[in-house]
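Residue 162 in this note's numbering is what sits at position 169 of the sequence shown, and the numbering runs on without skipping anything. Here's the structure we're looking at; comments come further down.
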Amino acid sequence: MSSSADDIIDTYKELYDVVIPDLDYYLRQIDCRDGCPVNTDPRGYMMALHRGDYLEGYKIARGPNPFASICGMICGAPCELSCRRDRVDKTLTIRAQKRFLDEWFGLSKEAHIRSLDYSYARGTTSPKPNGLKIACIGAGVASMTVAHDLLRLGYAVDVFEMMRMPGGMLTYGVPNYRLKNTVAINEIAAIEHLGAKIFYNTKIGRDITMEDLDQKYDAIFIGIGLWKSRDLPIPGADKPDIIRGIEYLRVRCAEQKWKIGKHIIVIGGGNVAYDVARTSVRNNAESVTMVCLETRDEQTADEFEIEDGIEEGIKIHNRLMPKEVIRDEKGNITGLRVQEIAKLFDYQGRFKPEPIENAEYIIPCDSIALAIGQGMDSSFLRGWSKKDLLEIDRGIIKTEQGTGRTTVPGVYCGGDAGFGPALFITAIRHGQEAARAIDSDLRGTQPYREMSAEFTEVSPMRDKTYLRTKWKLPTNQPPKQRIHNENMVENNYTVDEAHEQSNRCLQCHVSPVFNGELCIKCNGCVDVCPTNCLKLIPINKVNMDCAEGNMRTAVDNFYGVDSYEMSDDELHAMGSAMLKDEDLCIRCGLCAEKCPTQAVTMDAMNYTFRWIG
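What follows is the structure, given as structure tokens:
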């Protein structure tokens, strides 16, 4: 290292906390995989898509997720929120690319059982029966994931569903213009082929009791969701003509009729409220107005829901607090009295709307729908001798994170009923965790994933067009057309669009690897890095006791010294460390191209895993 470089490095006086890369570290660098609740590998299926291997792409998407097809259409896509590309320009369109693959080989177009062979879950599609029986309450994604995973291990699984179709909120809560019922039904039909028995139109607490299940089954899983609309305690809102959003969607999603007025107000600002509002547009309402406490930025609805709703003619009134349902002398709804508010929370962040004086007025309407939250229907507890042992806190069953265990031995829970409103993909994870806990409790298994990986140098370097490719969403059906039908609003990518968008992936399994024995400390890699993610520092600027002390061990082993016995100056003279900020690296490979001694290579990590136990 030159003296001038030494002078520059000496200006860094702080100690750096570092991480020593291991397999788990490199896995976590695949941010989309790390952000997915079930650890789907979007990077893997987007790379397969780009090279034209659509079947392999679908297999990767389906492996950890028995509901991959529905996730291609309506997943909340936490993978996109985690995506490293978002730090460069804009996140990858991961969900839309999954849909593209699914429409080639998934279950969105036809029912088939091939998807069962692609599962990463333990067991097989034809296991030997183990003699144990499980009851699942509700046929939503959490329960059906429990069924999927336990059936592969030889369990008998019976599912009790109060509705005439399976899927829970997939079929009764998501409008058909976002997800066709047939997709969820096809996914669940595959699980039925594994051996799941679904008893439809069977409500626990009415047709059969928890006491009955307790006596007949070795374990019970509660996956009933949150199916009750929350009431609004204002004058006039307690009458039966006030539409409850969840109940309304339940009817409309089943393609049944529900007559509403010509001018409807929807109270609420979340995704369910927008589903109610947009469904009302398609249910022949002449005007749909949304009233919500939040500002546009505070609304919990997804941005695309808000934008699509505005395109479809929905009027949104923010910062309004409902005060009273106005009725005529016959009791018919004629309007909603509202009051403007200055803010929603106090200085401590507590919910406390602050009204603006003399800012009340009436919005005319003839129908009002409530979509301000959901609660659990606890009627399933009727007639159960252990119901007082099942702890319920603020309308949610107390459930252990990571296992789904409740306060009653042998009873498990997941999804919204156990953890509150969440994404479908999160409920799928709950089902997987509960299935492992059930198997562990009943058979004494201790399953874990055994990971292995190999690193291979990428050569030649990747074409840099991936950094120049622009972000593009799939197109939508024109608003004037889509408001008159229940067809899917979002179109699928064309082949060219899908290939172009999949090329934007940074391929985060590829990382620069540095060989200290070849490095001449020229600083060329640091200088050429377009994001300034590299820094070469002397050893004495590294906190030796970080990384649980492994940094000191690594230095001592590499140099054959006892760093405790060395002075700061001796450590400074001994060697250097290359630091890399993973949040900034875009995998461009310029550092490797610049290196005159090939001390830097771009290495791809190819990993596999299997379940043990």
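We put the beta carbon where it would ideally sit given N, CA and C, even for glycine. No experiment lies behind these values; they were computed from the predicted model shown.
Own chain, CB closer than 6 Å to residue i, minus 5 neighbours either side, in chain order
i	result
T594	E450, V506 and A585
D596	F448, E450 and V506
Y267	A294, E298 and G302
D370	W220 and K221
K196	M155
C68	R88 and I418
G37	I53
Residue i, enclosing beta strand (DSSP E) - first and last residue
i	result
Y111	Careful: Y111 lies outside any beta strand (DSSP E) and carries neither H nor E.
Q332	I326 to F338
L649	Nothing in the structure corresponds to residue 649, since the chain is present only between -6 and 606.
P315	L313 to R320
V265	Where V265 is concerned, there is no enclosing beta strand (DSSP E), although the alpha helix (DSSP H) it sits in stretches over N264 to V274.
Y600	V593 to I605
M481	Here M481 belongs to no beta strand (DSSP E), and DSSP marks it neither H nor E.
I356	F344 to P357
S569	S569 to K573
R442	Y441 to E450
M283	S280 to V284
S360	S360 to L363
C129	K126 to I130
A212	A212 to I215
For residue i, the first and last residue of its enclosing alpha helix (DSSP H)
i	result
L187	N174 to L187
E493	V488 to S495
H502	First-last for H502: undefined, no H or E at that position.
R55	Y47 to R55
A70	A70 -> no alpha helix (DSSP H), and no H or E assigned at all.
V244	G238 to C246
D207	M203 to K209
M40	P35 to H43
D151	Run containing D151: none in the alpha helix (DSSP H); it sits in the beta strand (DSSP E), A149 to F153.
I197	Element bounds for I197: n/a, residue is neither H nor E.
K190	Note, K190: premise wrong, no alpha helix (DSSP H); beta strand (DSSP E) at K190 to F192.
Assigned exposure category for residue i - 16 Cβ within 10 Å defines buried
i	result
T458	exposed
D290	exposed
M314	buried
N58	buried
T288	exposed
D409	buried
R442	exposed
F344	exposed
S453	In the sequence on display, residue 453 carries Pro and not Ser. Classification for P453: exposed.
I13	exposed
D520	exposed
E558	exposed
V488	exposed
N478	exposed
I1	Because I1 sits at a pLDDT of 43, beneath the cut-off of 50, its placement in the model cannot be relied upon, and the following sentence gives the value as read from the coordinates. With fewer than 16 Cβ atoms within 10 Å of its Cβ, I1 is classed as exposed.
K591	Residue identity check: residue 591 is Gln in the sequence provided, not Lys. By the 10 Å Cβ count, Q591 comes out exposed.
I63	buried
Cβ shell of residue i (< 7 Å), same chain only, five flanking positions each side left out
i	result
Y9	I530, K534, V535, N536 and L572
R92	G65, M66 and N485
E615	Shown here, the chain extends from -6 to 606; a query on residue 615 therefore has no answer.
E575	Q22
I191	A132, V152, E154, P159 and E185
E317	I227, P228, G229 and R330
C518	L527, C584, K587, C588 and V593
E347	I334, A335 and K336
R77	D24, L499 and C501
L16	M444 and A446
T438	D432 and G606
D(-1)	The pLDDT assigned to D(-1) is 48, lower than 50, so where the model puts this residue is not dependable; a value taken from the coordinates is nonetheless given after this. Taken in chain order, the list of residues that qualify is empty.
S378	E204
Own chain residues within Cβ distance below 8 Å of residue i, not counting five before or after
i	result
E103	N179
G254	A278, I326, C358, D359 and S360
N264	T293, A294, D295 and E298
Proximity test, Cβ basis, 9 Å: residue i and chain D
i	result
D151	Among the chains in the structure shown there is no chain D, since it carries only a single protein chain.
*Which runs of the alpha helix (DSSP H), 4 residues or longer, sit entirely within the region 389 to 434?*
409 to 412
*Is it a yes or a no for the region 199 to 215 touching the region 161 to 180, going by three-plus beta-carbon pairs under 8 Å?*
no
*Within the chosen definition, does the region 286 to 297 reach the region 239 to 252 through at least 3 CB pairs nearer than 8 Å?*
no
*Sufficient close CB pairs (3 or more, under 8 Å) joining the region 460 to 467 to the region 79 to 89*: yes
*Taking one C-beta from the region 137 to 147 and one from the region 117 to 129 each time, how about it: are there three or more such pairs within less than 8 Å?*
yes
*asked:* Check whether the region 345 to 363 and the region 275 to 286 are in contact - that is, three or more C-beta pairs closer than 8 Å.
replied: These segments touch.
*asked:* I want to know whether the region 231 to 245 touches the region 423 to 431 - three or more CB-CB distances under 8 Å.
replied: The region 231 to 245 vs the region 423 to 431: no contact.
*the region 479 to 495 touching the region 544 to 558, judged by at least three CB pairs closer than 8 Å*: Judged by Cβ distances under 8 Å, the region 479 to 495 makes no contact with the region 544 to 558, as fewer than three pairs qualify.
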